[in-house]
Ligand SMILES: [Zn+2]
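In our numbering, the protein residues as written are 615 to 975.
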């Protein structure tokens with residue numbers, strides 16, 4: 615058995631050369647036991663040509679759920695793309711139960727412009743589920759949901775930090791929803807932030823339909839980072855194994871994630887050049903110096919201190935900081951009582967997972 619994630623065995627994905635152009639996802643029309651590469655039309659650009667998103671459907675021979683993965687809904691957040699590529703190379707269609715639908719780039723205009731937002735400047739993950747009649751981004755968001763993601767039973771939405779910032783590998787999830795919390799835990803990020811989906815996000819749209827959905831923040835924007843890509847891939851495989859889409863074979867679970875009950879951004883209250891001192895996943899204690907700000911002549915004008923104990927989820931790497939700029943994303947840890955209150959989120963998942971591992975031949 616090939617257990618090395620760096621050396622996938624051929625499953626035929628690389629032999630799929632033709633791409634079908636369609637105007638919506640119709641899974642039942644796609645052949646079972648095959649990969650289908652699709653360009654799905656969503657809206658038209660200024661010369662009347664379709665703006666299409668690239669989607670791959672891995673349609674298993676056996677029945678099961680529809681597992682949706684979306685990447686680059688923010689156009690400069692790219693680490694999810696190779697996660698999808700590598701996952702597709704590792705899917706065995708003969709044993710896959712159900713269907714994996716991968717939206718490789720959800721925000722095509724943003725990706726091509728190397729920017730977070732859609733081409734009209736709006737953030738697609740702040741306007742979900744969009745509008746059938748409205749601004750370009752609103753209609754695009756509406757069609758993305760209606761034509762593609764509404765078919766999902768599960769969603770893993772892959773993001774990274776924004777431009778000028780860095781992130782740890784962390785997950786945002788509603789830990790009060792049992793299946794969602796299990797998905798978050800099985801992904802084994804460094805940090806999980808309990809975060810009921812805010813309105814107008816893609817995760818929120820799925821959650822409102824009663825479907826488990828998590829957002830994975832895979833470190834930094836506009837680049838491919840080997841280690842977090844690999845960890846995310848392994849985590850998604852672990853989730854698919856838990857819901858019995860693929861056989862379980864993940865024996866070694868990485869360290870349990872740090873659980874945060876909430877998080878917030880510290881902001882500058884002066885304008886100047888910023889240096890953030892701790893790194894991602896560093897712990898900070900109330901009162902610790904976390905950033906300094908100098909004026910353009912080099913004099914220190916402000917020192918920023920942590921207002922409470924926490925962990926650094928992400929931080930700015932852009933020195934140019936006007937008043938109100940982001941400094942550091944601080945996660946506030948759950949205590950033991952809060953962890954127990956949250957739907958038995960970690961221990962029973964691990965026990966279940968080890969059982970399914972050992973049951974595998
Ligand atoms: Zn994002």
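Ideal Cβ placement from N, Cα and C applies to all residues, glycine included.
Note that the structure is a prediction, hence the values are computed from the model and not measured.
Outcome for residue i when other beta-carbon atoms lying within 10 angstroms are tallied against a minimum of 16
i: residue 826; result: buried
i: residue 936; result: exposed
i: residue 739; result: buried
i: residue 812; result: exposed
i: residue 643; result: exposed
i: residue 976; result: Residue numbering for the chain in the displayed model covers 615 to 975; residue 976 lies beyond these limits and cannot be assessed.
i: residue 881; result: exposed
i: residue 624; result: exposed
i: residue 712; result: buried
i: residue 637; result: exposed
i: residue 911; result: exposed
i: residue 870; result: exposed
i: residue 969; result: Confidence at residue 969 is low in this model, with a pLDDT of 37, below 50, so the placement of that residue is unreliable and no value is reported for it.
i: residue 731; result: buried
i: residue 849; result: buried
i: residue 757; result: buried
i: residue 851; result: buried
i: residue 934; result: exposed
i: residue 940; result: buried
i: residue 721; result: buried
i: residue 728; result: exposed
i: residue 809; result: buried
i: residue 831; result: buried
Proximity below 7 Å, CB of residue i to CB of residue j
i: residue 899; j: residue 833; result: no
i: residue 725; j: residue 686; result: yes
i: residue 673; j: residue 631; result: no
i: residue 924; j: residue 901; result: no
i: residue 688; j: residue 627; result: no
i: residue 680; j: residue 771; result: no
i: residue 779; j: residue 928; result: yes
i: residue 978; j: residue 817; result: Lying outside 615 to 975, the shown extent of the chain, residue 978 is not represented and no answer is given.
i: residue 814; j: residue 762; result: no
i: residue 657; j: residue 753; result: yes
i: residue 769; j: residue 820; result: yes
i: residue 947; j: residue 874; result: yes
i: residue 843; j: residue 717; result: no
i: residue 737; j: residue 750; result: no
i: residue 943; j: residue 855; result: no
i: residue 930; j: residue 890; result: yes
i: residue 797; j: residue 872; result: no
Supposed close pair residue i, residue j - CB separation, criterion 8 Å
i: residue 782; j: residue 805; result: 6 Å
i: residue 715; j: residue 669; result: 7 Å
i: residue 653; j: residue 635; result: 5 Å
i: residue 701; j: residue 867; result: Contact doesn't hold; Cβ gap of about 19 Å is too wide.
i: residue 661; j: residue 723; result: Incorrect: roughly 14 Å between the Cβ atoms, too far for contact.
i: residue 641; j: residue 765; result: 6 Å
Cβ of residue i within 7 Å of any chain B Cβ
i: residue 685; result: Judged by its chain identifiers, the structure shown contains no chain B, having just a single protein chain.
Can you list every residue whose CB sits closer than 5 Å to some heavy atom of ligand 1, going in chain order?
-> Chain order is used for the residues whose beta-carbon lies nearer than 5 Å to a heavy atom of ligand 1, namely 688, 691 and 773.
Kindly confirm or deny that the segment 837 to 854 and the segment 691 to 698 touch, where touching means at least three C-beta pairs closer than 8 Å.
-> yes
Say whether the segment 888 to 895 touches the segment 738 to 747, bearing in mind that this needs 3 or more beta-carbon pairs closer than 8 Å, one atom from each stretch.
-> no
Would you check if there are 3 or more beta carbon pairs closer than 8 Å linking the segment 908 to 917 to the segment 882 to 891?
-> yes
At least three beta-carbon pairs within less than 8 Å, the segment 704 to 724 to the segment 790 to 803 = no
Meets three-Cβ-pair contact criterion under 8 Å: the segment 853 to 860 and the segment 805 to 814 | The segment 853 to 860 is not in contact with the segment 805 to 814.
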